[in-house]
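In the working numbering, the protein residues as written are 8 to 1252.
Cβ coordinates follow ideal geometry from the N, Cα and C atoms, glycine included.
See below for the structure under consideration.
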């Protein structure tokens, strides 16, 4: 076996990883042990932080098959390393000895065949490792590790009934339990001690510890104590929040952890076991009174009503029916493979609540366990919370670069200090302490606390406006959002639908629309019978509940629904039907039967319809149907409702009106939700029992088209205004919906997502068929209102929504792409070259399945958009998790999947979140800049003082770091967000021209003025090298002088703190911290003005007054504590002038040079983030000749390629004559070179 081998596990999946094998090496362990002792344990810490180094330092490469340790590396952009120890699962004690083939079948997902073959080779141990709560077993067939699958992969629907419906023997159950382990989603809450050790071993706290030890050796006890107190507070608050999150997650998961369940064994025995003992293949009995599902299971008997809000966010109960049995269906399904996603209407998911069950007499409601533990849908959700993907954000990458820069600066100071000290013949011990001290000064100890302050305040402000956040780091990322995807129903529009009217068909012609359905004329019509029966409504505790659309439809006819009780069901040999009947006042007097194919007797006085069989709504099929029977009728009726296009295709062509498409288009263009109804009489040979086993395909064909139900889905009142705010801020908006294309386009126009004069291009993609390649047909949708002269539209009046508009002539006509889910899938698969172009202008995506919504978010992110997603929780979980900022409008437990949850179900939370995100991001920049200046100012102060063999005093450090820095940092972060969204976006990273210029210019100013003071004091006529008897103030005999002298004579000053240079540098630097704090505390356009941050203003004012007071009016006791010496009053005034000029220059540089000139000219970015052509506005008169030169230079610079892919693409498309595609053209894909998967785009007109 090749020792350098590298394998890949979870190939093609989100958690794909490379795997390397290693064996422990004794001589390497010995070297590491010696190294650990020599470095005082630091080497062990380094290896603890770096898993890759840890394994490579202690192990040698080995074949993966026989290794003792595996090293894993993710294949995503983060390339994170993990290591895991190989363990052995012993099977010797079990009656079924485990052969090689058994292990293979376990790993291949065929755990159901575990005992079929016996040993060719005695292998009683299976090798495995655990990573992120998933076990990976060695698979000899694949020559790789693979995770243990249940019945959710590679098992056909036929085998579920034929091989698994009988249950497991006790021996097989015990054997599987050994392999699959306990069925639980265990979120262990770590002990406080374990969390404490993990937190304390953070590199930053180790650096803090090093600093504290160093300061103590240098007798800086007070400052060291203050840092220890700060660190302890920080660690305790961090421990509290981490522990709280673990407890919350544990409590959420523990709800179903252990319940008693009844399982069926092979010999038809029933056994009571704990839910933790369930394994895939167990046949579980669902109790009558419901339960919380402890696993994922497929229903094989009976019907269940389930609340799936934990997973989907949809509080509407869902009806689950048994999995169709291909062997007994009249029209077989073939050997279709079972999949929990495809067959979700037959699958009970872990964590969901079964409210009610319906069953046959003598037969129990049964479900076969398909997945357990962390493999279940809930387990996967919990895993995604426990092990989240790291957030890739430029700000955090730049933060590390920033720290590296500080370390580089510290290294220069370190070398300078050593050289200077050697030249001045300083003792070796002092040289070591002082040179290391420079490093601790340069990397500020308060940095982590300072950085989180802004985010914590933003989180608190979001909570006040009803937005809850479970991922605080995402708040900053929300400040960068430049595209937001919205779900339609329940998000942009009202959640419920109102019945606008019906339009029936008679003699293949549409009748006039009717508003009132609840009348005597229609009560016995097939149309109303379909409305009364074709739904999934049920009564829970006497209250009718179900899909809101079904509820509105049923309420409109005013009928009554009655369900059989458990006692009634038990008396019959079949499921008692749900019965619907009209209220008595609607029924006419009994009349002769007429030609109703009945005997010569009158209709019964009671008119009732029983729902015999229900085929629930399927989003894939876009329809639902029922088999029903009128009381006393011989034949049964089949009713169907669903998407009009689908229903019409399943009806006899002669029953569909010729103007069907025109009528449907008229309604959908007006934004109505249209549902079609169909009906047919079933053959009399279809008995009740046969109907229970018939496939839906046998029912859903050859129907008679009955007409349309028109539902109105009103826009939410705030929708247009919110979208307008986003458009003004140049944030693109995209609609992602499961609804009809034309309805979605109509809503998009109504809410202002698509403007009246904009063109809409519908991309209809067709997959390869009959040897023909995939193709896209381009259609231009008709606009509702044509603009009289689209080229003359005022560009300022229209919000710019597309990236290319700001690049060149604003009068270029705007266009949007619209497509449905099927087309989107075809384009993703066969037209990958076109995907980025379509993402740039795609606005409406209709009929999108949940996984397609996630794929869309990914596709937008691939062209460098910062994507927000706003949905009501139902079907949006994947997209909410994948987006940079996901906002759920549902307060249910599904919001666990979303970083943000809005208490009010309104999209007004989106601009609020972006505003707060921008404010938090700008606060982070302000704090970073301030902390950088704080480090450099203090570093330079100390470096200057080292040149005269002096330093800052212990209490001087304490005053600067605690009284000034901490107070300023925690109050400057309090600026609330600006009250409206503006068109420009804040920079995404610290390494940007404007921010670097700001920091560097302030560093130069501060160093300049500090140096001026330091060197000028030496030029003063009264200056001399300070000693305890110096009297530059001429204060001999005065009270101040006496106290000062008495102090000076009694106190030793070994560090030479007290001198004129120290006092000068201390006062100037103290003012400089406050000056840069004010200069950097910017308000508009992202934050409220600085003066509205009252705490900050108060803190800075008090500090200014205090420092001015002790500088101009010395107080002996304060001077003693701060180790300040007396200087002449004239020099105090001189220092005040230096400080005043420093403040003037700093604020002028930041507010005028940077904001007024450079930001607008050199660093100006357009509203979408790319470089902008500013020729649309004349240069202002106030800009001088130099400014005009800068403008022309900047415009030349802007010709370079933008960084973001979508900006670059926008520039390319501007000069592409073939884009956008012309109306009524077709684009074909031809795979010419299979190796690289590229395709040639051929346009056929």
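I need the boundaries of the beta strand (DSSP E) containing residue 1267, first residue and last residue. Nothing can be reported for residue 1267: it is not among the residues displayed for the chain, which extend from 8 to 1252.
Return the CA-CA distance between residue 374 and residue 136, expressed in angstroms with no decimal places. On the chain shown, residue 374 is found 367 positions in, with the first residue counted as 1. On the chain shown, residue 136 is found 129 positions in, with the first residue counted as 1. Cα to Cα, residue 374 sits roughly 31 Å from residue 136.
Coarse secondary structure for residue 1034, derived from DSSP in three states: Residue 1034 sits at position 1027 when you count from the first residue of the chain shown. Residue 1034: coil per DSSP, three-state reduction.
With distances taken Cα to Cα, identify the nearest neighbour of residue 870 among 696, 204, 209, 847. Counted from its first residue, the chain shown places residue 870 at position 863. Per the Cα distances, 847.
Check whether the stretch 137-152 and the stretch 74-93 are in contact - that is, three or more C-beta pairs closer than 8 Å. yes
Cβ-Cβ separation, residue 732 to residue 988 (assumed contact under 8 Å), whole Å: Stepping through the chain shown from its first residue, residue 988 is reached at position 981. Stepping through the chain shown from its first residue, residue 732 is reached at position 725. Contact holds; Cβ gap of about 6 Å.
Does the separation of the CB atoms of residue 1253 and residue 476 fall below 8 Å? The structure shown does not extend to residue 1253, since the chain spans only 8 to 1252, so no value can be given for it.
Suppose contacts are defined by Cβ-Cβ distances below 8 Å. Is residue 30 in contact with residue 67 by that definition? If you number the chain shown from 1, residue 30 lands on position 23. If you number the chain shown from 1, residue 67 lands on position 60. Yes; because the gap between Cβ atoms is below 8 Å, this pair is in contact.
Can you check which of these residues, 584, 564, 561, is closest to residue 570 by C-alpha distance? Start at 1 with the first residue of the chain shown, and residue 570 comes out as number 563. The shortest Cα separation from residue 570 among 584, 564, 561 belongs to 584.
Can you tell me whether residue 507 is helix, strand or coil according to DSSP? For this step, residue 507 is matched to residue 500 along the chain shown. Residue state for residue 507 is assigned as strand, using DSSP reduced to three classes.
Can you find the residues in the same chain that come closer than 8 Å, C-beta to C-beta, to residue 233, ignoring five residues on each side of it along the sequence? For the purposes of this step, residue 233 is taken as residue 226 along the chain shown, with counting starting at 1. Counting only Cβ-Cβ distances below 8 Å, and skipping sequence neighbours, we find 965, 968, 969.
If you follow the alpha helix (DSSP H) that residue 1029 is in, where does it begin and where does it stop? For the purposes of this step, residue 1029 is identified with residue 1022 of the chain shown, where counting begins at 1. Unbroken run through residue 1029: none, as it is neither H nor E.
Check for me: the alpha helix (DSSP H) holding residue 392 runs from which residue to which? By one-based count along the chain shown, residue 392 stands at place 385. Per DSSP, residue 392 belongs to the alpha helix (DSSP H) from 384-393.
Please look up how many angstroms separate the CB atoms of residue 706 and residue 645, rounded, as I've assumed it's under 8 Å. Along the chain shown, read from residue 1 onward, the residue named residue 706 stands at position 699. Along the chain shown, read from residue 1 onward, the residue named residue 645 stands at position 638. That pair is a contact at about 5 Å.
Under 7 Å Cβ to Cβ from residue 1136, same chain only, skipping five residues before and after it: list those, please. Against the chain shown, residue 1136 aligns to sequence position 1129. There are no such residues.
Buried or exposed: residue 127, going by 16 or more other Cβ atoms within 10 Å of its Cβ? One-based indexing of the chain shown puts residue 127 at position 120. For residue 127, the predicted structure reports a pLDDT of 33, less than 50, and the residue's modelled location is therefore unreliable. The matter cannot be settled from this model.
How should residue 929 be labelled, buried or exposed, when 16 other C-beta atoms within 10 angstroms of its C-beta is the threshold for buried? In the chain shown, counting from the first residue as 1, residue 929 sits at position 922. Flag for residue 929 reads buried.
Residue 561 versus residue 908: straight-line alpha-carbon distance, rounded: Indexing the chain shown from 1 puts residue 561 at position 554. Indexing the chain shown from 1 puts residue 908 at position 901. About 32 Å.
Taking the alpha-carbon of residue 1268 as reference, which of 393, 179, 446 has the nearest alpha-carbon? Nothing can be reported for residue 1268, as the shown portion of the chain is limited to 8 through 1252.
What separation, rounded to the nearest whole angstrom, lies between the Cα atoms of residue 181 and residue 543? Counting from 1 along the chain shown, the entry for residue 181 is found at position 174. Counting from 1 along the chain shown, the entry for residue 543 is found at position 536. C-alpha separation (whole angstroms): 40 Å.
Can you tell me which residues form a DSSP beta bridge with residue 5? The requested residue 5 does not occur in the structure, where the chain is confined to residues 8 to 1252.
Below 8 Å between beta carbons: does that hold for residue 175 and residue 289? Residue numbering aside, residue 175 sits at position 168 when the chain shown is read from its first letter. Residue numbering aside, residue 289 sits at position 282 when the chain shown is read from its first letter. Contact: yes.
Nearest candidate by alpha-carbon position, reference residue 916, set 878, 953, 951: Within the chain shown, residue 916 is the residue found at index 909, counting from 1. Residue 916 has its Cα closest to that of 878, out of 878, 953, 951.
Could you tell me which of 587, 78, 160, 729 sits nearest to residue 383, measuring between CA atoms? Counted from its first residue, the chain shown places residue 383 at position 376. Measuring from the Cα of residue 383, the nearest candidate turns out to be 160.
Alpha helix (DSSP H) segment containing residue 1111, residue limits: The residue given as residue 1111 occupies position 1104 in the chain shown. Residue 1111 -> alpha helix (DSSP H) spans 1101-1119.
Integer Cβ distance of residue 189 from residue 328, believed to fall under 8 Å: Counted from its first residue, the chain shown places residue 189 at position 182. Counted from its first residue, the chain shown places residue 328 at position 321. At roughly 31 Å, the Cβ-Cβ gap does not stay under 8 Å, so residue 189 and residue 328 are not in contact.
Mind checking residue 274: buried by the 16 CB within 10 Å criterion, or exposed? Locating residue 274 in the chain shown gives position 267, where the first residue counts as 1. Exposed, because fewer than 16 other Cβ atoms sit within 10 Å of the Cβ of residue 274.
Below 8 Å, how does it come out for the stretch 746-761 and the stretch 709-719: are there three or more Cβ pairs, yes or no? no
Measuring alpha carbon to alpha carbon, tell me which of 1066, 356, 661, 150 ends up nearest residue 1126. Translated into the one-based positions of the chain shown, residue 1126 becomes position 1119. Among 1066, 356, 661, 150, the Cα nearest to that of residue 1126 is on 1066.
Give a yes or no on whether the C-beta atoms belonging to residue 633 and residue 622 are separated by under 8 Å. In the chain shown, counting from the first residue as 1, residue 633 sits at position 626. In the chain shown, counting from the first residue as 1, residue 622 sits at position 615. Their beta carbons are under 8 Å apart, which means residue 633 touches residue 622 by this criterion.
Would you please state the rounded distance, in angstroms, between the beta carbons of residue 1095 and residue 918? I believe it to be under 8 Å. Within the chain shown, numbered from 1, the residue matching residue 1095 stands at position 1088. Within the chain shown, numbered from 1, the residue matching residue 918 stands at position 911. Contact doesn't hold; Cβ gap of about 16 Å is too wide.
Which residues in the same chain as residue 224 place their Cβ atom closer than 8 Å to its Cβ, once the five residues preceding and following it in sequence are excluded? Position 217 of the chain shown, counting from 1, holds the residue named residue 224. Leaving aside the five residues that flank residue 224 on each side, the residues in its chain whose CB is nearer than 8 Å to its CB run, in chain order, 440.
Quick check on the DSSP output: what are the complete beta strand (DSSP E) runs of length 3 or more inside the stretch 273-336, in order along the chain? 277-281, 290-292, 303-306, 310-314, 325-327, all fully within the stretch 273-336.
I'd like the list of long-range same chain contacts for residue 43, defined as Cβ closer than 6 Å, with 5 residues on each side in sequence excluded. Walking along the chain shown from the start, residue 43 turns up at place 36. Cβ within range, chain order: 50, 51.
Between residue 859 and residue 838, is the Cβ-Cβ spacing less than 8 Å? Taking the chain shown and counting its residues from 1, the one referred to as residue 859 is at position 852. Taking the chain shown and counting its residues from 1, the one referred to as residue 838 is at position 831. No, they are not a contact pair.
Taking only the alpha-carbon atoms, compute the straight-line gap between residue 152 and residue 164 and give it to the nearest angstrom. Taking the chain shown and counting its residues from 1, the one referred to as residue 152 is at position 145. Taking the chain shown and counting its residues from 1, the one referred to as residue 164 is at position 157. Rounded to the nearest angstrom, the two C-alpha atoms are 27 Å apart.
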